[in-house]
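Undergrad: Residues in the sequence shown are numbered consecutively from 62, following this note's numbering.
Beta carbons are placed, not taken as given, at the ideal position from N, Cα and C, and that holds for glycine.
Source: prediction; values computed, not measured.
So that we are looking at the same thing, I have put the structure below in structure tokens.
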Amino acid sequence: MNGGTFDSKVAITPRSDAPHKNPGTGYAKDTFDSILYKETKGQNNRPYKNMVFNAIVAYSVTISYETFKKKYDKEFIEYVTKYSPELQGSSQKSKQPRISELVVYVPELCGCLPQPRTQKFYTKIKELTSKNKNPIENLKSEIRSGKDKEVLLDLEKIERYPKVYAPLTTAKDYKPLSRVRVQFPYNYDFSYGLLIGD
Numbered sequence: 062m063n064g065g066t067f068d069s070k071v072a073i074t075p076r077s078d079a080p081h082k083n084p085g086t087g088y089a090k091d092t093f094d095s096i097l098y099k100e101t102k103g104q105n106n107r108p109y110k111n112m113v114f115n116a117i118v119a120y121s122v123t124i125s126y127e128t129f130k131k132k133y134d135k136e137f138i139e140y141v142t143k144y145s146p147e148l149q150g151s152s153q154k155s156k157q158p159r160i161s162e163l164v165v166y167v168p169e170l171c172g173c174l175p176q177p178r179t180q181k182f183y184t185k186i187k188e189l190t191s192k193n194k195n196p197i198e199n200l201k202s203e204i205r206s207g208k209d210k211e212v213l214l215d216l217e218k219i220e221r222y223p224k225v226y227a228p229l230t231t232a233k234d235y236k237p238l239s240r241v242r243v244q245f246p247y248n249y250d251f252s253y254g255l256l257i258g259d
């Protein structure tokens with residue numbers, strides 16, 4: 062990145078839920094009615110709210126449906142893949158989708174976390190990604206064998222970033238430092254989500 066940061070490559074997502082003003086009458090009853098309406102009929106009555114952000118790809122890799130299934134709960138798997146083994150039946154097992162896994166930098170969520178600084182790290186990630194290898198697993202094995210120890214710190218930094226997923230049929234081949242849009246299914250957990258496009 063030649064001394065730059067992820068922040069210089071992606072814009073912060075504007076807030077879609079601007080604060081609502083309270084009634085201007087000053088009466089407690091009107092304020093109470095307003096709060097009660099928001100909780101029962103307005104936006105606050107939803108159990109969870111999907112959160113959408115702009116992001117930068119730190120790395121991407123393809124994983125099998127079975128590997129994905131071991132990592133997450135059934136609801137999230139169906140949320141990402143739109144595939145339900147119970148509904149498809151055992152005859153559809155061969156049609157299970159491959160999954161694109163991306164580690165992403167989201168300014169609003171990762172701004173306080175350290176960022177990779179060495180150009181060698183990105184060069185190595187791009188090289189391993191272009192060979193259709195799992196870049197992180199290959200980097201870890203190379204580091205264990207004594208090669209590229211200086212990228213270990215950068216690798217540990219991006220492992221704290223959120224992971225997003227998409228079926229390989231809908232995901233393009235996103236290279237490191239590509240801009241993407243990501244969606245998290247819950248407004249209280251930003252550790253994993255859905256890739257929704259550029």
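Which residues in the same chain have their Cβ closer than 6 angstroms to the Cβ of F67, if we skip the five residues on either side of it in sequence?
TA: I117, Y166 and Q176
Undergrad: Could you tell me which residues DSSP pairs with P228 in its beta bridges?
TA: I160
Undergrad: Is it buried or exposed for N248, if we count other Cβ within 10 angstroms and need 16 for buried?
TA: In the assembly as shown, N248 is an exposed residue. Its beta-carbon has fewer than 16 other beta-carbons within 10 Å.
Undergrad: Could you compute how far the alpha carbon of K70 sits from the alpha carbon of L238?
TA: 8 angstroms
Undergrad: So which of Y235, C171, L97 and E136 has the shortest CA-CA distance to Y120?
TA: Y235
Undergrad: At a cut-off of 7 angstroms, would you count Y126 as near the ligand PLP, judging by its Cβ distance to the nearest heavy atom?
TA: Of ligands this structure carries none, so the ligand PLP is not represented either.
Undergrad: With DSSP collapsed to three states, give me the class of Q180.
TA: helix
Undergrad: By how many angstroms is the C-alpha of E220 removed from the C-alpha of K130?
TA: 20 angstroms
Undergrad: Relative to the C-alpha of K233, which candidate in L163, F137, M112 and Y98 has its C-alpha closest?
TA: L163
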